[in-house]
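Here's the structure we're looking at; comments come further down.
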Ligand code: ADP
Ligand code: MG
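Numbering (full-length UniProt numbering), first residue to last: 48 to 377.
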């Protein structure tokens with residue numbers, strides 16, 4: 048049974064960056080305003096995510112890492128209207144089958160926190176009282192220690208740290224009211240360091256740099272009929288002065304970080320046709336759709352989404368991008 052569990056867990060957590068994504072989404076779900084990530088050896092030695100969220104109650108610790116333990120889904124219908132990012136109750140459990148998980152947490156009004164380690168879905172010992180300030184820290188050590196082939200493959204290729212920095216950068220420019228940091232273990236300098244701000248452009252400037260931020264334009268689109276209001280999009284796109292060798296597309300749909308390769312391609316086509324001399328674009332978009340129109344029930348590691356009426360939505364976004372680029376070019 049444990050082999051089966053490990054294989055299933057290895058599917059949910061495919062690489063260090065997939066573990067980081069799950070941990071950050073949990074921290075966001077817990078209402079955190081500050082999320083700090085520390086990574087050692089591309090995440091294979093250590094991934095540590097600390098937040099200042101609402102914490103985990105003492106009585107929830109024994110079952111925290113059992114599969115399908117979630118505090119976010121009470122009935123099946125909730126799947127349709129789910130607002131929080133996690134709902135499967137599989138991420139933490141999976142991590143305990145492929146790594147050593149230690150949770151330190153304190154809930155509001157408590158004098159001390161608790162620390163407990165997990166293996167293969169169960170607590171290794173009773174929670175130990177410990178000092179804690181606020182929120183939760185989750186530490187994953189020795190990821191894939193029991194999956195020799197996976198570990199070797201990951202060790203032999205470029206490590207996940209740049210992917211983790213990229214992930215944090217994306218979260219940081221969407222959740223601008225949350226401060227994020229990401230650093231290598233022992234490093235004095237953080238590679239992502241964003242403070243909470245009210246301005247998305249400020250967040251983009253601090254994460255992606257001045258040369259990106261100064262070449263951005265706002266963009267918006269929505270349904271023609273405001274009463275039906277099925278679709279809304281807003282964001283930033285780069286102008287003709289922006290210089291980059293490859294496209295950056297940061298896409299959030301209903302607050303969820305996703306990829307939509309057909310939308311990405313569609314926007315690239317508009318740039319090539321409208322600003323043929325411009326470089327590959329930078330795009331940040333936040334799209335809101337009725338939850339039932341977004342297929343959220345895909346495999347946990349898949350960032351690729353499918354949307355209802357995808358062609359119509361892509362066309363609307365394309366024409367919004369096109370008219371913005373034409374106006375700016377006049
Ligand atoms: P899901 O997010 O799908 O519910 P997870 O396995 O990611 O499943 O997490 C299991 C549960 O652990 C969550 O439902 C939540 O109650 C709790 N949890 C995990 N991380 C945190 C955190 N950083 N702060 C507070 N609670 C957390
Ligand atoms: Mg989760």
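Every residue, glycine too, gets a C-beta built ideally from N, C-alpha and C. Since the structure is predicted, the reported quantities are computational estimates derived from the model, not experimental observations.
With 16 other Cβ atoms within 10 Å as the buried cut-off, status of residue i
i           : result
residue 192 : exposed
residue 78  : exposed
residue 204 : exposed
residue 376 : exposed
residue 76  : buried
residue 179 : buried
residue 202 : exposed
residue 66  : buried
residue 324 : exposed
residue 266 : buried
residue 328 : buried
residue 69  : buried
residue 158 : exposed
residue 351 : exposed
residue 297 : buried
residue 173 : exposed
Cα-Cα separation, residue i to residue j
i           : j           : result
residue 55  : residue 187 : 18 Å
residue 148 : residue 63  : 13 Å
residue 134 : residue 118 : Any reading at residue 134 needs caution, since the residue's pLDDT is 47, under 50, leaving its predicted position unreliable; the model's value is listed next. Rounded to whole angstroms, residue 134 to residue 118 spans 8 Å at the Cα level.
residue 142 : residue 88  : 17 Å
residue 242 : residue 84  : 14 Å
residue 52  : residue 368 : 46 Å
residue 244 : residue 230 : 21 Å
residue 401 : residue 370 : Residue 401 cannot be examined here, being either before or after the span of the chain that is shown, 48 to 377.
For residue i, the first and last residue of its enclosing beta strand (DSSP E)
i           : result
residue 267 : 263-269
residue 227 : 226-231
residue 296 : 295-300
residue 83  : 81-87
residue 149 : 147-153
Bounding residues of the alpha helix (DSSP H) (the contiguous stretch that carries residue i)
i           : result
residue 101 : It is not in any alpha helix (DSSP H) - residue 101 carries neither H nor E in the DSSP assignment.
residue 254 : 247-255
residue 187 : That residue, residue 187, is in no alpha helix (DSSP H); its beta strand (DSSP E) goes 182-188.
residue 57  : 49-59
residue 117 : Where residue 117 is concerned, there is no enclosing alpha helix (DSSP H), given that its DSSP letter is neither H nor E.
- prompt: Is it a yes or a no for the stretch 206-226 touching the stretch 298-306, going by three-plus beta-carbon pairs under 8 Å?
  reply: With the cut-off at 8 Å, the stretch 206-226 and the stretch 298-306 touch.
message: For the structure I just gave you, are there three or more beta carbon pairs, one from the stretch 247-258 and one from the stretch 359-375, closer than 8 Å?
response: Cβ pair count under 8 Å is below three, so no.
- prompt: Can at least three beta-carbon pairs, one atom from the stretch 171-191 and one from the stretch 144-155, be found at a separation below 8 Å?
  reply: Segments in contact, yes.
message: Three Cβ pairs or more, each shorter than 8 Å: is that satisfied between the stretch 98-112 and the stretch 164-171?
response: The stretch 98-112 vs the stretch 164-171: in contact.
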